[in-house]
Every structure is written in C-alpha cells, then in structure tokens.
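Following: one structure in structure tokens, then a few remarks.
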Amino acid sequence: MPSYTVTVATGSQWFAGTDDYVYLSLEGTAGCSERHLLDKPFYNDFERGAVDSYDVTVEEDLGEIQLIKVEKRKYWYHDDWYLKYITVKTPLGDYLEFPCYRWITDEKEIVLRDGRARLPRDDRTQILKQHRRKELEDRQKMYRWKEWHPGFPLSIDAHCHSELPRDIQFDNEKGVDFILNYSKAMENLYINRFMHMFQSSWSDFADFEKIFVRISNTISEYVMQHWKEDFMFGYQFLNGCNPVLIRKCTEIPKKLPVTTAMVECSLERNLTLEEEVKQGNVFIVDYELLDGVDANKTDPCTIQYLAAPICLLYKNLENKILPIAIQLGQKPGPGNPIFLPSDATYDWLLAKIWVRSSDFHMHQTVTHLLRTHLVSEVFSIAMFRQLPAVHPLFKLLVPHMRFTIAINTKAREQLICECGLFDKANATGGGGHVQMVQKAMKDLTYSSLCFPEEMKAKGMDSQKEIPYYYYRDDGIKVWEAIKSFAEDVIGIYYESDEVVCEDVELQAFVKDIYVYGLRGTKASGFPKMIKTREKLAEYLTVVIFTTSAQHAAVNFGQYDWCSWIPNAPPTMRCPPPTEKGTVTIEQIVESLPDRGRSCWHLGAVWALSQFQDNELFLGMYPDEHFIEKPVKEAMARFRRNLDDVVSAITERNKNKKLPYYYLSPDRIPNSVAV
C-alpha cells in the first residue's frame, strides 16, 4: 500500500505547541485519505519548536496531492497551536511543501494548499476554486471595516486586542501594553519619582537634566548640547524625526509679510529676498493645519496652548539650512510679530521652541500616526480580505503587515482613545489629535506616498542643490531596492499587462484600499484599479515602503530628537508671545512642560523608539510563504541590494557627529509593529 511521509513543524513562539488531538487527511486528484490521528494528549508531539514526522498509509495512490486538512480537537483546556508548515514525501519520492504560519484555535479545521503561488486564472479544478473562494469568504467575516472617527481611514472592527483574529495578535500582549511599557520606561530612566508632579515647573534649562539620560556620543546628547543653535534647528527639518515638512519656497506667501530689510543680515549672497527665492535658496515650513485645532483641556489645573507657525529658512554659502524668520500665527498683524535671528536672544529662542513644539504635534499625529500607522492598517485589512494565502501578492506582502493591525488596535484601546495616555502630556490630546487627522486627510494622496514623486513635488529632489538631505538620499536608495524586488516578483507571475488586468483578486484589493481606506475620495489620487505591470510595481513599492522604511524613518529617532524636552515640547503652558522684547528665561521655562508631563513624554519617546524582541528587518523572510526557486533568487538579490545600501550609509556616517541611520535597511523593521 502507498505510504506518504508527513513532516509537521510547530512554531517556536511561547505556547505554540499543543496537547490536543490532531488529525490529518490528504486530498489528491485521484482520491482522499482517511482521517489519521497524528497526536493525542501526553504523546509530547507538536511541542514548541518541534518538527515531527509520521507515515500515512493509504489504500491506493491519491494522485497529485492538492489539499491537506488538519483538525484539532480539544482534550482538556483551550490550547492554541501554531503550525508553521507541513511537508509531504510522496510514494514516488517527490517532496511537497504546504506553508501555514497560522494559529489553529479551538476545535477548528484548516485546509492547506501547496506552497506554489497561484493567480486566480491558474486554478483549473473546482475543488481549488472553491477552496480559494471559501478562504476569502471566511476572512471577510473576520476582517471587517469599521469607522473609528468620522473622516478617518477605516480600521479593523475590534474594540480591543483580544477581539482580533488570533493570527494577527501579538504573541505576548504584555509586551505591547502601552501603560506598562511607558511606566517601565520611566522606571528604567529613573524618572518615575517625577511622573505625578503635574503643575510643578522646572527651575531652568539645566533642571531638565534631572530627567535626561546622558548617553555619551549619541544624537540625544548632541541635541542637548546644541539645541539652541540655528544650525541644529534647521538641520532637524532635513534629518530629524520629522524630515517631511520642509519644501522649497517658490514665493513668499502674503500671510508672511517678511521683507528683505528684515532678513538682510541673514542673507549671504548680496541678493534681495525675492532673488534668493528665485535662485532656490529659501525654504518654508508651514504649520497651517494646526490653526483652529483645540488645545488639550483634560486637566483643568493646566491651561495648554497650540500655535500654527510659519517658518522661513535659508541655505547659506556652506549649504546649511538656517531659520531666518518665524511668525507664530497664520494671520499677520500687530499681535503676531515676525521673529528674526537679529531679535533679542530669548525672543528668538522662544519662537524656535514654539516651532519645535508645533513640529512635534505634526510629527506624532500626521507624519507618524496617519501616514504610516493608519495607512498601513488599511493595506493590511485589504490584503487579508481580498488576497488568499496562495496569491503571490499575499505571500509578498504578508511579512510587511506583521502585527500592524494589532499595534493600532492597542493604540486605540490605550493610547489615542478618550482619556488615553496621549492626553497626559500632549497639547493635542483630548481631541485635538482627532481634528488634526481629519484635516490632514485632504493631503493624504497616492503621489505623496510615492517617495521620489513627493521629493520632486516639494522641490527637494536635487542632491546638488540640497546636499545634506540624508533622509531623501537614503530613502531613494531603499525605494529603488524595494521597487526592483517588486518588479522581479511581478515578472515571475504576470507575463503581461493583460494578466494584471484580469487578476480579479488584485483589483479587489486595490478597490478595497480606495473605497474604504481613502473613503472613495477622488482627490486622493489612489487608483481604483491597476492596469499595467509598471503601475503594479509602483503600487506594491508604495505599500512596502510605507509599512517599513517610512515608518522607520519617522519612528525610531524619537528618543534621539525628542528626549531633550526643550527641543520638542509636547505641550506649552503659556500662550505664544504677541510682542517683541518682553521674553525672559523665566517665561520660557514656565511655558515648557511641567515635571509630570515631561516624564510621561520621555517615557513615551523611549518606549516608541525601541525595536521589538526578535525584530525582523527589511528583507528578512524566515516564514517561507514562497517556495519557488525564481522568487527565492529574487529575495537573495533584494538582500544583496539592501546590503549595498547598508554599506554606503555606514561609510557616509563614519566620523560624523550627527550620523543618519534611520533608513539603513538593517534598522528598518519589515512592518509597523511599535
């Protein structure tokens, strides 16, 4: 009688093994096997990290094995099992691989197909078509869209982490408990004695050192030492943790009535301000989105303030970007002066602090939350709803969706919810952050997520004109590496544009993102369908780049740039100055966050800047969803290209006082998971 050797691999996560009854049956083109008992209680098979083999004998040859059915039946208590993969050695000596990489929960049956990626048109038999259809039907019941706030991209329909499908939950929920992690961070930083000291002001700038962890030769220490300098202020617009707002100024806006006479002492080329603008030497950062946003009112004992400044910057003869004018409100007038480097020291310093505070709010809520976390969740939900596990694009994208829905659900549960942790220290807490996302949705366009296109649109694409913009330089390299990889994979499965057009599952995925994620907004520019291989490569690059590189660029520098409180105040406790010549050091310190808010802020930026345990970085794909040799070769090329980028960045950073490494591929996690 024919015999098949079945090998079963269990995951190495905590509690991945099972003591339940496990049954397996094989389904081939010529028939089905009986249900075979592989494991039962106390057999000690299917333990964490184990690989177990069994002989399955059948009455007659089953033909080509198409499906494997795995059942788990409860023995005593709820016992989830993480199944990595199954391999089958046929009587003829052929090896078949059946990837799973899923949790089997309760008394469930799962049906696996072999690991060869297949487009919908490749499935010829009714049984395979039916399996494909049922998988998506089941997933669409589990992964439902829901509106968290009006105007937001839709998110997952789950109130808390425990309500999520088991496959997308964190392995250890405690590891991503924001309350626990922030408190632990404050304890590790030895600042927990200050965490309840709300309304208690610091005495001076040096007093902030009581909660500052001095780590020698790090960016955070350099920031603490140089934060007052105009060079450091300007540099952060290029290479800080929010390097996305600066754009070339093509015309001085009427709402910023700055003249050549005002800034003459800052200009180095003997040109008028208008001539400097024409030559491309002037840049602008406008925080207009913050205008009209309500400041945090959750603590009646502390009035908090927001501003919507406009900052004009200048490229000097050394190619450094320096601030030359700051207006703290959007409407010009006597109560809204334009602050200049030539003003009194504390006037100019406080104006810069207000810009840094506004930049912090834009970074946290728009750059970070909306444009990486919420957008990545949209990609994730659409993928699970519309692409079956056998689809090549599911196999390509699933590593880049790891834990994204889970971290966002946890954030909605503890961090950005009403009375959440975000309210404790941030002036945009208490609802302001919601208003900001709603306003920022109009600027969330497809082209703005296409990295090279966005650089060009802002006039920031020229390395010759702006030589020290490392975020741009490294971002382009990583973008090109991802795009090349996407093109390789597309070339394996889509031999023509016609095949792209005919892929109904791909088109449903793209439509889901447009209709639910972007709320069907035509102005977003998100495609409703993909018609060419070239456009598909760009689209997949947008998805992978956003979920990996873009998030890394704006997330993991938070402690470096925001741990010195005066450089990134999460709130301001006095209103913006309305006249010049009155600011004192005491007024500045009184404006900055109190001791309690400073501690919660520091705990937050520390916790958010840490990598996950067992982090998987860009190009690391330990779960073998793909089994075909051409794709594995494409992955190897991708890793080599990424290694070249790492080497180039490492070489450039040598001996730099301010190295830029956030877009080094060995520091870019595959997905948004923190």
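Counting in UniProt numbering, the sequence shown runs from 1 upward without gaps.
Every residue gets a Cβ at the ideal spot worked out from N, C-alpha and C, and that includes glycine.
Here the structure is a predicted model, which means the values were calculated and not measured.
Between the CA atoms of residue j and residue i - distance to the nearest angstrom
i	j	result
T90	G491	31 angstroms
P665	I168	24 angstroms
F485	Y661	22 angstroms
K136	E109	First, the amino acid is wrong: residue 136 is Leu here, not Lys. Spanning the two alpha carbons is a distance of roughly 16 angstroms.
K531	T7	41 angstroms
A9	G93	20 angstroms
T365	E624	35 angstroms
T521	S548	25 angstroms
G603	D594	14 angstroms
residue 676	Y471	Absent from the structure is residue 676, since the part of the chain shown begins at 1 and ends at 674.
S53	Y235	59 angstroms
Q66	Y75	29 angstroms
E651	P659	10 angstroms
C241	V223	13 angstroms
L24	R35	6 angstroms
L642	K456	24 angstroms
D286	A440	13 angstroms
V510	Q140	15 angstroms
residue 714	E579	Because the chain here runs from 1 to 674, residue 714 falls outside it and cannot be looked at.
E633	Y621	13 angstroms
T5	E47	19 angstroms
L271	P257	18 angstroms
L369	V605	14 angstroms
K146	Y516	9 angstroms
I668	D55	43 angstroms
E498	K483	21 angstroms
D359	A411	21 angstroms
R319	A158	This sequence places Asn at residue 319; Arg is not what is there. Cα to Cα, N319 sits roughly 50 angstroms from A158.
According to DSSP, residues forming a beta bridge with residue i
i	result
H36	L24
P99	Y85
F617	P669
K315	I321
R48	For R48, which the question treats as bridged, DSSP gives no partner whatsoever.
T7	S53 and T87
W305	For the record, residue 305 in the displayed sequence is Tyr; it is not Trp. Beta-bridge pairing links Y305 to M572.
E71	Y23 and E109
D286	I310
S155	K146
I65	G28
Cβ-based neighbour list, residue i, same chain, cut-off 7 angstroms, excluding 5 preceding and 5 following
i	result
M1	T57, V58 and E59
D512	A382, R385 and Q386
V390	R113, A117, R118 and R132
V672	T372, H373, S376, T404, I407, T547 and H551
S12	R48 and G49
M195	In this predicted model, M195 has a pLDDT of only 48, less than 50, meaning its place in the structure is not dependable enough to derive any value.
Residue i beta carbon near the ligand MG (any heavy atom closer than 6 angstroms)
i	result
D123	This structure does not include the ligand MG; it has no bound ligands of any sort.
Cβ-Cβ separation, residue j to residue i (assumed contact under 8 angstroms), whole Å
i	j	result
W354	M572	7 angstroms
A427	A607	No, A427 and A607 are not in contact; Cβ-Cβ is about 20 angstroms, not under 8 angstroms.
Q330	D291	5 angstroms
P323	F233	6 angstroms
I338	M262	6 angstroms
L313	E268	The pair is not a contact, with the Cβ atoms about 13 angstroms apart (cut-off 8 angstroms).
H400	N670	5 angstroms
L62	G28	3 angstroms
residue 694	C574	It is not possible to answer for residue 694, since the shown part of the chain is limited to 1 through 674.
V378	P153	5 angstroms
V111	K69	5 angstroms
D123	I104	Contact doesn't hold; Cβ gap of about 24 angstroms is too wide.
Y346	I588	6 angstroms
I326	A351	4 angstroms
Own chain partners of residue i with C-beta closer than 6 angstroms, once the 5 adjacent residues on each side are dropped
i	result
G430	N296, K297, T298 and D423
K477	V645
P569	S357, L592 and P593
L540	A486
C265	S342
K442	none
Residues of its chain near residue i, where Cβ-Cβ distance is below 8 angstroms and the 5 sequence neighbours each way are ignored
i	result
P149	Looking at the sequence provided, one finds His at residue 149 rather than Pro. So the list reads V434, V437 and Q438, once near-sequence residues are dropped.
S524	L444, T445, Y446, Y514 and L518
H363	C241, N242 and V554
W51	Correcting the residue type first, residue 51 is Val in the shown sequence and not Trp. Around V51: T7, V8, A9 and T10.
Which ranges does the alpha helix (DSSP H) cover as unbroken runs of at least 4 residues, wholly within the region 205-283, from first to last along the chain? 219-226, 230-239, 260-263 and 273-278
Quick check for students: name the residue ranges of the alpha helix (DSSP H) that lie wholly in the region 389-425, counting only runs of 4 or more. 392-397, 404-410 and 422-425
Note down, one range per segment and in chain order, each beta strand (DSSP E) of at least 3 residues found wholly within the region 98-151. 109-113
4-residue-minimum alpha helix (DSSP H) runs that sit fully inside the region 325-388, ordered along the chain: 345-362 and 375-386
Of all the beta strand (DSSP E) runs that stay within the bounds of the region 486-553, which reach a length of 3 or more residues? none
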